[in-house]
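When you read off a place in the sequence shown, starting at 1, and then add 2, the result is the number in this note's numbering. Right, one structure below, let's go through it.
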Amino acid sequence: MQLSIRPSAVQAFLSKNISKFRPTTTLVVSSAAPSSSPSPSPLSHSLDKKSSPTKIDHPLQKFHNQISSHSKAVQFFTSMQHNLKTVQYGDNTLTSSFPTQDNINQAMDLMRRMGVDNSIIGVGNGAAIDLAKACYLNMTKNSDIGSNQEQQQQLVLIPSTLGGILASASKRSLILDVHEEALITSLLSTSSCRVDDVHVLVDTKSLAIPMWLNSKRNTPRGNLPTIVDALLASLVIAIDTQCTIQTYSSFTNENQQELIDKCLQAGVSCLQQILSSCDELNDYDSGIIQSLANNEVKESALHALFYAGQLLSFGDLKNDSLPRSMPLAMSSALLPKYFPHGNWMTFTGSFLPGLIQCMDEIDNVRSNMTSSNVAYLDWIQEELLRNRGGIIPSLSSLAEGAPDVNELVTKIDDNGALLRCNDGNIEFLERVLMSSLNR
Numbered sequence: 003m004q005l006s007i008r009p010s011a012v013q014a015f016l017s018k019n020i021s022k023f024r025p026t027t028t029l030v031v032s033s034a035a036p037s038s039s040p041s042p043s044p045l046s047h048s049l050d051k052k053s054s055p056t057k058i059d060h061p062l063q064k065f066h067n068q069i070s071s072h073s074k075a076v077q078f079f080t081s082m083q084h085n086l087k088t089v090q091y092g093d094n095t096l097t098s099s100f101p102t103q104d105n106i107n108q109a110m111d112l113m114r115r116m117g118v119d120n121s122i123i124g125v126g127n128g129a130a131i132d133l134a135k136a137c138y139l140n141m142t143k144n145s146d147i148g149s150n151q152e153q154q155q156q157l158v159l160i161p162s163t164l165g166g167i168l169a170s171a172s173k174r175s176l177i178l179d180v181h182e183e184a185l186i187t188s189l190l191s192t193s194s195c196r197v198d199d200v201h202v203l204v205d206t207k208s209l210a211i212p213m214w215l216n217s218k219r220n221t222p223r224g225n226l227p228t229i230v231d232a233l234l235a236s237l238v239i240a241i242d243t244q245c246t247i248q249t250y251s252s253f254t255n256e257n258q259q260e261l262i263d264k265c266l267q268a269g270v271s272c273l274q275q276i277l278s279s280c281d282e283l284n285d286y287d288s289g290i291i292q293s294l295a296n297n298e299v300k301e302s303a304l305h306a307l308f309y310a311g312q313l314l315s316f317g318d319l320k321n322d323s324l325p326r327s328m329p330l331a332m333s334s335a336l337l338p339k340y341f342p343h344g345n346w347m348t349f350t351g352s353f354l355p356g357l358i359q360c361m362d363e364i365d366n367v368r369s370n371m372t373s374s375n376v377a378y379l380d381w382i383q384e385e386l387l388r389n390r391g392g393i394i395p396s397l398s399s400l401a402e403g404a405p406d407v408n409e410l411v412t413k414i415d416d417n418g419a420l421l422r423c424n425d426g427n428i429e430f431l432e433r434v435l436m437s438s439l440n441r
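So this is what it looks like as structure tokens:
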């Protein structure tokens, strides 16, 4: 997997690699930004015409416009500027947070009909990135689609959002199973995906990042992860992986520890700079706007998410890998049905206090960490959890009603069996879940 973070990353890549795309048709998977206006009430037809107009949320509208403009720009660069043969999917229909199996089937059918057999570009949010990856995995394995063996098959991922960056670094796709009310992973083995042929292009000028901190759940803003939510999620993934390799040391390697170190350093450093700006201006939203104007802060956040995505483990029993990452186990089993008022990264970030509390129950975790990582954990405990607890999303606020912990744990167990993956210590998951819900 090759990563490029720079302004105009897409144009530079296409100019250099245009010969690889010309011979065949390329599938461009993009996401459609949802309307920033609230859904009309079923009773709206009965309201008189003098009802007060809905107030426009300009920062939210700007966020959605950035995603739409980025997708249109990529489509222009490919089909108009470079005159490539392309076919589009998702730009008018893919509005959900996760692709479904129907989305995959429709995209694969389009690929067969239009002769797409070598190149796929995914641009937009995490759903578009995950769908592009799922199509690529199918293309590399399905002989009636990936039939042009003279050309190198390649996948180009161009995330427009923070969630898109995390998804682009992950080895698999998260697919919404509407019947099971759960998230499942692409069922093909990761060996079918040649990671050397995967390019991740992040255009720092085109990336859409929410310019606010907190918002009410179950609102258009509340359904989006903030930069703080995303950084908290990256810390949860890194700390969870640190706990896991302590118990399953035989499955670990130096690369995983290096990714943990880099993720913690980038995530904590970025949070420190954002909070410093917020204190200086005495306002969280203004502080976020000011700090993200600094390209170094923005790139630090992007790297934290990219490292975190690579750390996610899917607990594949066939490959003797690490157990499934705690955030994946929780979100796959619980997010769609029990916590519908949250997105993946806000949901994951809400586990930070519970995870920190429970990790101290694992023998020798801190003693086996570097002094730098211990210092990062100390900062998280002292500064974030004790002094800034209000910026950490509450898991219970994302729930539908008051879910029963025993029911939730059973659901996690069932989900692990459904996906045939190893969830490691289920008692540890239960303690983290209970501690997070009782916070």
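No residue lacks a Cβ here, since even glycine has one placed at the ideal position from N, Cα and C. Here the structure is a predicted model, which means the values were calculated and not measured.
Judged by DSSP secondary structure, proline 329 falls within the alpha helix (DSSP H) whose first and last residues are 328-340. Contact between the segment 302-313 and the segment 391-402 is absent, with fewer than three C-beta pairs closer than 8 Å.
Distance from the CA of serine 327 to the CA of histidine 201, rounded to the nearest whole angstrom, comes to 24 Å. By the CB criterion at 8 Å, leucine 185 and serine 293 fall outside the cutoff.
In summary, asparagine 105 is buried, with 16 or more beta-carbon neighbours lying within 10 Å of its beta-carbon over all protein chains present. With contacts defined by Cβ atoms closer than 8 Å, leucine 357 and isoleucine 241 form a contacting pair. Take the alpha-carbon of histidine 343 and the one of glutamine 63: they are about 20 Å apart.
Residue pairing by DSSP places valine 76 in no beta bridge whatsoever. Cα atoms of glycine 418 and aspartate 281: separation of roughly 43 Å, rounded to the nearest angstrom. Only residues of its own chain outside the window of five on either side were considered, and among them Gly165, Gly166, Ala169 have a CB closer than 6 Å to the CB of glycine 128, listed in chain order.
Relative to alanine 401, the option among Met371, Lys339, Asp119 whose CA is nearest is Lys339. Residue range 184-187 is occupied by the beta strand (DSSP E) that includes alanine 184. Straight-line measurement puts the Cα of isoleucine 211 at about 12 Å from the Cα of arginine 223. Look at the beta carbons and you see the segment 360-371 touching the segment 424-434: at least three pairs across the two are nearer than 8 Å. If you look at threonine 88, you'll find it isn't in any alpha helix (DSSP H); it sits in the beta strand (DSSP E) that goes 88-91. Residue environment analysis places methionine 113 among the buried positions, since at least 16 neighbouring C-beta atoms fall within 10 angstroms of its C-beta.
In the three-state scheme derived from DSSP, where H, G and I count as helix and E and B as strand, serine 10 is classed as coil. Rounded to whole angstroms, the separation of the alpha carbons of asparagine 225 and tryptophan 346 is 10 Å.
When only Cα atoms are considered, phenylalanine 353 and threonine 246 end up about 16 Å apart.
In this structure, DSSP gives glycine 224 a state outside helix and strand, which the three-state scheme calls coil. Residue pairing for threonine 102: DSSP places it in a beta bridge opposite Leu178. In the displayed model, histidine 201 falls within a strand according to three-state DSSP. Asparagine 427 and isoleucine 160 have their C-alpha atoms some 36 Å from each other.
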